[in-house]
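Data first, discussion second: the structure below is written as structure tokens.
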Amino acid sequence: MKIKTMFHQRHVLMCFLLLGFYSTAFSQSGYGLWLDYEKVNDASILSDYQNQIRSVYFLGESETLNLAREELKLGLNSLLGSSIDFSSTNSNNASITVATFDQLERKTQRKLKKIDIAKDGYYIGHDSGKIVITAKEDIGILYGVFNFIRLLQTQQPIDNLAILDAPKIDLRILNHWDNLDGTIERGYAGKSLWKWQKLPKYIDQRYIDYARANASIGINGTVLTNVNANAWVLTPSYIDKVAALADAFRPYGIKVYLTARFSAPIEIGGLSTADPLEAKVQQWWKTKIDSIYAKIPDFGGFLVKANSEGQPGPQNYGRTHVDGANMMAEALEPHNGVVLWRAFVYSEHDATDRAKQAYSEFVPMDGKFKENVIVQVKNGAIDFQPREPFHPIFGAMPKTALAMEFQITQEYLGFSTHLVFLPKLYEEVLQADTYQQGKGSLVAKVIDGSLDNHKISAISGVSNIGSDLNWTGHPFAQANWYGYGRLAWDPYLDSETIAEQWLRSTYSNDKDFVKPMTDLLIESREAVVNYMTPLGLHHMMDTDHHYGPGPWVSELPRPEWNPTYYHKADSKGIGFDRTKQGSDAIAQYADPVAKKFEQLDQVPENLLLWFHHLPWDYTLSDGKTLWNSLGIHYQKGVDQVREMKKVWEQMSPYVDPISHKEVSMLLDIQLHEAIWWKDACMLYFQKHSKLPFPKAMEKPKHSLKHYKSLKHPYAPGI
Ligand code: GCV
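If you read the sequence shown in my numbering, its first letter stands for residue 10, the second for the next number, and so on.
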């Protein structure tokens, strides 16, 4: 560097000071995610670890194994604060042995031979008092290493380990809704990570850091592009760019997928049709797919949004989703690629309840899709609302592999401004019992393929990652990326464990931090439901950008884009009647579930207005009227955010000052917006109910006219 020749010595000193400041600011920026390995701060745990870990015998060479070795070195050296001896030749007295099973010494193999390690899984145990991390495959070693590091990060005992672990879902995928121009649909954390113009030659360090973070939680696939797809990504020059990303991600066990625009044969192929039954169209896709595999031999496959919200699809040619999906599947099959075909369909020309349409269209097609087609279903039948009942398709298509689609980006939950811990929402859906094969037919079992014995299983999360220094906009939105990954690995994990692990790995192991903050994360999901859409209300967000409340919106050309379509508030009452007297959407659920939702004395109160239209003076189980309860729920949401703020204020001893301030400011905005939601919605509903606000509810700050006048033309997220 030329610093000395460029500056006077005084400036040099200043530079160092600034660099010091910069590196502190950087380390506090959140860039390191849950992978900043800070030295264990509990003296007795540290000395216990130091006694048990003095040296590592790490066998094998491959790109993935080399990464695992470096990660373990980094983890141990940082967490233990000393330099650990690594050897690949000398096993003598090494405290930890790391090797794939076939490379372990014979005597260790004999001892562990009964342990049935699944593909991609790993085992962490002991042999003659020494720790062994082993796996069948290199990627299992990497996963094992990350999990071993997590034990130390979260200060767990390591003297009696016997952890046999493996992913329960095969394809654990992130869906980026990233456009080729760098914008991100519903993205609130900056621009796309993918620098298309500089690819394939320029490999941004962020690609590597992204892949490492994903591997640490077991994610093994990434769809690079928006489901509202651009055919251009399938042209040769873009495939070269995609191949460069695939090369960067491969050592971390991550495959790339692309979104395929159904009309691509016309747009970039020069054909006059994209009819899936036309031989020339089939041939076009075959040639295209072969050319992709020539450059990316482990390409994952396609994710397709067809005949949905204006996207082209087979129905443009009078064909079905089966025709479209199977055509692509056939071309992908020889390469072991899959088609993730989305079931997110609803039409303005269909007068039936939007919540019913995907089921009505897809369930009759069960058994007709090829084996490498996975139908990807959103967690609920409308659209990623703060609370929805599980999608009735789950369990209702036993002959078709179904993927879960969760949204990690907070399109309907306060963007990257509100602190909402989504694993709580995911857990609620995964643990829901569909009863499709009797009691215990959990959504999780549909997704992991165990309920209907599927050969392949998949889960997708719509990414919340962008170019912001901290990746996700809100520092706590990192917990949603992390939590999604953990649940994709094991959909039976409970959200509290995930919250605790994330907090410990990211911030502090101090019990006075971990306990209140775990409670805060868990509570945060119910808070957002309360201040946005309590008691089963849904889709009341303002038009288009979905930022803030817009319960009054009623004039959009597509009826089902209007909030009034969903809450149906009138002088008599509020709620969507989906019973037999109403849209009968409830009939799409298996009997015991349907009965529960149909009957007012059984329907869970938190879904009441999802399924029933009820009078304002309807009495709830606690004796309150519906109207009063609504106001009390809105107020509760606001109070919950106030409580979150109070808890966070106490946390400054455990969090660096920059992050603490950042989250405090975001909580201030969240509180302001929670009040906005309460006031705007209750004022609007009062126009219909004509009732006074319940006493427990704070009076609105402004008039309904004021709230209706608010406009947000440049709300982020496109
Ligand atoms: C990618 C909702 C969102 C759209 C999104 C769509 C989908 O309608 O508002 O931005 O489009 O879901 O999931 O396809």
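All C-beta atoms in this analysis are idealised placements derived from N, C-alpha and C, irrespective of residue type, glycine included.
As the structure is a prediction and not an experimental result, all values here were calculated from the model.
According to DSSP, is residue i helix, strand or coil?
i	result
F30	With a pLDDT of only 46 at F30, under 50, the local geometry of the prediction cannot be trusted, and the value read off the model is given with reservation. Residue state, collapsed to three classes: helix.
Y58	helix
S661	helix
D521	helix
T515	helix
T573	helix
K720	coil
L341	helix
F353	coil
T296	helix
G84	helix
F95	strand
S71	coil
L233	coil
F311	strand
I383	strand
V372	helix
V537	helix
L502	coil
K48	coil
A599	coil
Q590	coil
A705	coil
W480	coil
H358	coil
D284	coil
I474	coil
P274	helix
For residue i, does the count of other Cβ atoms within 10 angstroms reach 16, so buried, or fall short, so exposed?
i	result
E682	buried
A77	buried
P730	Here the chain comprises residues numbered 10 to 727, so residue 730 is not present and cannot be evaluated.
Q292	exposed
E79	exposed
G376	exposed
Q611	exposed
F30	At F30, the pLDDT of 46 sits below 50, so the modelled position is not reliable and the matter cannot be decided from this model.
Y219	buried
L434	buried
L544	buried
R513	buried
G90	exposed
D600	exposed
P666	exposed
Q9	Outside the shown range of the chain, which is 10 to 727, sits residue 9, and nothing can be said about it.
G319	exposed
T628	exposed
I391	buried
S466	buried
Return the bridge partner residues of residue i from the DSSP annotation.
i	result
M550	P558
P624	G582
T634	T628
A108	T143
V348	F311 and V382
K123	Answer is none; K123 lacks a bridge partner.
Y66	S96 and T106
V265	T231
Between residue i and chain D, is the shortest Cβ-Cβ distance under 7 Å, so that the two count as touching?
i	result
H185	Annotation note: the requested chain D is absent from the structure, which comprises a single protein chain.
Can we count residue i as close to the ligand HEM, meaning its CB is less than 6 Å from some heavy atom?
i	result
W570	Absence of the ligand HEM is noted for the structure shown, with the ligand GCV being the only ligands found.
| field | Three-pair Cβ contact test at 8 Å for the region 361-377 versus the region 587-595 | value | A contact exists between the region 361-377 and the region 587-595.
| request: Report the residue ranges of all beta strand (DSSP E) runs contained in full by the region 394-472; include only those spanning at least 3 residues, in chain order. | output: Listed in chain order, the complete beta strand (DSSP E) runs (minimum 3 residues) inside the region 394-472 are 410-416 and 467-471.
| task | Taking 8 Å as the threshold, find out whether the region 100-116 comes into contact with the region 159-175 through three or more Cβ pairs. | result | Result no; under three Cβ-Cβ pairs closer than 8 Å.
| message | Ignoring anything shorter than 3 residues, give me the beta strand (DSSP E) runs that lie fully in the region 129-209, in order along the chain. | response | The qualifying runs are 131-136, 139-144, 172-174 and 180-184.
| query | Would you call the region 177-189 and the region 136-151 touching, i.e. three or more CB-CB distances under 8 Å? | reply | Segment contact: the region 177-189 against the region 136-151, fewer than three CB-CB distances shorter than 8 Å; contact not assigned.
| Is the number of C-beta pairs between the region 124-132 and the region 146-154 that are closer than 8 Å three or more? | In short, these stretches touch, since the Cβ pair count reaches three.
| query | Do the region 714-725 and the region 643-657 meet, that is, are 3 or more Cβ pairs less than 8 Å apart? | reply | Fewer than three Cβ pairs drawn from the region 714-725 and the region 643-657 lie within less than 8 Å of each other, which leaves the two stretches out of contact.
| query | Contact between the region 321-341 and the region 400-416: three or more CB pairs below 8 Å? | reply | With the cut-off at 8 Å, the region 321-341 and the region 400-416 do not touch.
| Hey, is the region 640-648 in contact with the region 456-474, meaning 3+ C-beta pairs nearer than 8 Å? | Segment contact: the region 640-648 against the region 456-474, fewer than three CB-CB distances shorter than 8 Å; contact not assigned.
| task | Specify whether the region 490-500 and the region 221-234 touch according to this definition: at least 3 beta carbon pairs, one from each stretch, less than 8 Å apart. | result | Result yes; three or more Cβ-Cβ pairs closer than 8 Å.
| task | Taking 8 Å as the threshold, find out whether the region 267-275 comes into contact with the region 237-251 through three or more Cβ pairs. | result | At 8 Å Cβ cutoff, the stretches touch.
| task | Answer yes if the region 52-71 comes into contact with the region 93-106, meaning at least three C-beta pairs across the two stretches below 8 Å, and no otherwise. | result | Taking 8 Å as the limit for Cβ pairs, the verdict is that the region 52-71 does touch the region 93-106.
| request: Mind the definition here: the region 545-552 touches the region 562-572 only if three or more C-beta pairs lie below 8 Å; say whether that holds. | output: Three or more beta-carbon pairs separated by less than 8 Å link the region 545-552 to the region 562-572, which places the two stretches in contact.
| query | For the region 691-704 against the region 436-450, are there 3 or more C-beta pairs whose distance is under 8 Å? | reply | Three or more Cβ pairs closer than 8 Å define a contact, and the region 691-704 falls short of that threshold against the region 436-450.
| Taking one C-beta from the region 245-253 and one from the region 277-287 each time, how about it: are there three or more such pairs within less than 8 Å? | Flag = no, the region 245-253 and the region 277-287 do not touch.
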